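Residue numbers (the numbering used here): 6 to 433.
What follows is the structure, given as structure tokens:
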């Protein structure tokens, strides 16, 4: 990595931390703010949360093309200003229409930040450094979310609207500060290492859908986010409360255990996965999460003491964190390595779109099941986890040798490669 790439990467990581801090600062308190503090009711609060997901689904297909045509930095700056206006609007909104309009702006801006920042990481890294860069991004995101949520929780007061206005005002200021930091980034263009010829840079969604490996990775990504992230604050928490008798404080401990596992284990896990085949790492995550669902089953369906049930439930979240730490240096770099030259923004946006779909559908399916169908809920998501293992193995058969084992391509600089028509098979 050159000095210019290193300087740009440091600013990008600051951006990742600040964007996560801004998100963690307000999102946990949106429902309370809209429903209770502004007195707009549970229906409007639910619509606000839905608007976040819908606005992301609408803008992400266009964000990828904009990143390809204009570059990630201008798109990111636009997203940051939009999110800042949305956050400020939420803090000042006094009626349902104003709240919903502000939520559209905030949700759209936050959705576009993710693929734009990911594309900047791709452009400022090489295959040798990319896994570590995305692992650090994931670490900083979780740290930012945790710190933001902690500080935000000490600032809010449900009896004073002004405390929430201050909260959203600070969030808007953080996004504007991030825009200033990102405007100073000089984007270098790193050479790529791979073993597949470059596809045409033009073709957009048609070219992406013709890349069998990328399509399989998107299917796998949907299952990953549906079966894990889509259950954290909906189905799994409902299951814990209803089936396992988990108290709110124990649920908070479980969420903290998830974050703590990521923060503590991320770089130890990175050293382990850097020299492993990416497809096998993903397959291993499915097995780790299967064990997590077995622990959840014991917590809610076993016959042990309440203390044992609580310990098993906390372990479930910790094991999910271990799997997340394994995925962060694996999946995002693989998306980048599958993208033809100049198409990283399109591919990152497509994968972000798949993630948003899974996060929208996951709670809708898992929430009711976790609350009332306890055994079917655990069995269903245990099978989804085992499905991740199967899909990971199948994905490995579509990857070239260097896409699955990037260290094999050191010293060979070629174009960014999509899956070729006749991929080099990898034994799995």
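Cβ atoms here follow ideal geometry from the backbone N, Cα and C, with glycine treated the same way. Just so you know, these numbers come straight off a predicted model, no measurement behind them.
Give a single yes or no on whether residue i has its beta carbon closer than 7 angstroms to a heavy atom of the ligand COA.
i	result
residue 346	As for the ligand COA, it is missing from this structure, which has no ligand bound.
Taking the continuous alpha helix (DSSP H) assigned at residue i, which residues delimit it?
i	result
residue 250	No alpha helix (DSSP H) contains residue 250, which DSSP labels as neither H nor E.
residue 294	283-306
residue 216	Where residue 216 is concerned, there is no enclosing alpha helix (DSSP H), given that its DSSP letter is neither H nor E.
residue 65	46-75
residue 111	101-128
residue 348	Run containing residue 348: none; DSSP gives neither H nor E here.
residue 136	132-160
residue 188	166-188
residue 380	379-401
residue 407	406-409
Check each candidate in the options and name the one with the smallest Cα separation from residue i.
i	options	result
residue 322	232, 163, 158 and 363	232
residue 235	52, 370 and 353	370
residue 247	19, 372, 140 and 101	372
residue 141	100, 17 and 48	17
residue 224	273, 176 and 287	287
residue 139	169, 332 and 98	332
residue 345	408, 380 and 384	408
residue 133	341, 65, 329 and 166	341
residue 64	83, 192 and 305	83
residue 358	379, 149, 117 and 131	117
residue 273	380, 330, 406 and 304	330
residue 42	166, 403 and 159	166
residue 401	54, 283, 48 and 50	283
residue 107	44, 119, 177 and 237	177
residue 299	384, 155, 211 and 377	384
residue 85	179, 237 and 155	179
Report all residues from its chain with a CB closer than 6 angstroms to the CB of residue i; omit the five preceding and five following residues, and keep chain order.
i	result
residue 110	87, 90 and 91
residue 124	72, 77, 349, 350 and 353
residue 81	121 and 187
residue 153	26, 29 and 30
residue 15	none
residue 292	394
residue 227	359 and 363
Using a Cβ-Cβ cut-off of 8 angstroms (strictly less than) and excluding sequence neighbours within five positions of residue i, which residues of its own chain qualify?
i	result
residue 250	311 and 314
residue 136	275, 278, 279, 334, 335, 338 and 411
residue 147	25, 264, 267 and 268
residue 145	18, 21, 22 and 25
residue 379	244, 247, 248, 305 and 306
residue 389	228, 231 and 232
For residue i, would you say it is in contact with chain C, using Cβ-to-Cβ distances shorter than 8 angstroms as the test?
i	result
residue 149	Any reference to chain C falls outside this structure, which holds one protein chain only.
Give me, in chain order, the residues of the same chain whose beta-carbon lies closer than 7 angstroms to that of residue i; leave out the 5 immediate sequence neighbours on both sides.
i	result
residue 174	93 and 96
residue 20	122, 183, 186 and 187
residue 426	Its pLDDT being 40, under 50, residue 426 is placed unreliably in this model, and the value from its coordinates should be taken loosely. Same-chain partners within the cutoff: there are none.
residue 325	233, 263, 294 and 297
residue 355	69, 213 and 223
residue 46	40
residue 79	none
residue 150	25, 28 and 29
residue 100	none
residue 195	The predicted position of residue 195 is uncertain, since its pLDDT is 43 and thus under 50; a value taken from the coordinates is nonetheless stated next. Cβ within range, chain order: 10, 128, 129, 130 and 131.
Taking the C-alpha atoms as reference points, what is the distance between residue i and residue j?
i	j	result
residue 31	residue 184	19 angstroms
residue 13	residue 161	35 angstroms
residue 207	residue 129	Note that residue 207 scores a pLDDT of 49, beneath 50, so its modelled location is shaky; the value from the coordinates is reported in the next line. If I take the Cα positions, the gap works out to 22 angstroms.
residue 241	residue 62	24 angstroms
residue 22	residue 59	25 angstroms
residue 290	residue 386	14 angstroms
residue 368	residue 255	21 angstroms
residue 181	residue 113	16 angstroms
residue 8	residue 115	30 angstroms
residue 11	residue 126	10 angstroms
residue 244	residue 365	18 angstroms
residue 52	residue 105	8 angstroms
residue 457	residue 392	Any answer about residue 457 is impossible in this case: the structure gives the chain only from 6 up to 433.
residue 281	residue 395	17 angstroms
residue 157	residue 163	12 angstroms
residue 375	residue 239	8 angstroms
residue 74	residue 67	11 angstroms
residue 102	residue 170	17 angstroms
residue 360	residue 328	16 angstroms
residue 191	residue 347	17 angstroms
residue 202	residue 56	Unreliable positioning characterises residue 202 in this predicted model, as indicated by a pLDDT of 39, which lies under 50. The coordinate reading is nonetheless provided below. Looking at the two C-alpha atoms, the distance is approximately 41 angstroms.
residue 270	residue 143	12 angstroms
residue 205	residue 49	Caution is warranted here: a pLDDT of 41 is assigned to residue 205, below 50, making its placement in the model unreliable, and no coordinate value can be reported.
residue 382	residue 189	48 angstroms
residue 343	residue 211	15 angstroms
residue 159	residue 285	43 angstroms
Handout entry: At least 3 beta-carbon pairs within less than 8 angstroms: the stretch 247-262 vs the stretch 316-325
Key = yes
Practice task
Taking 8 angstroms as the threshold, find out whether the stretch 29-49 comes into contact with the stretch 209-225 through three or more Cβ pairs.
Solution key: Segments in contact, no.
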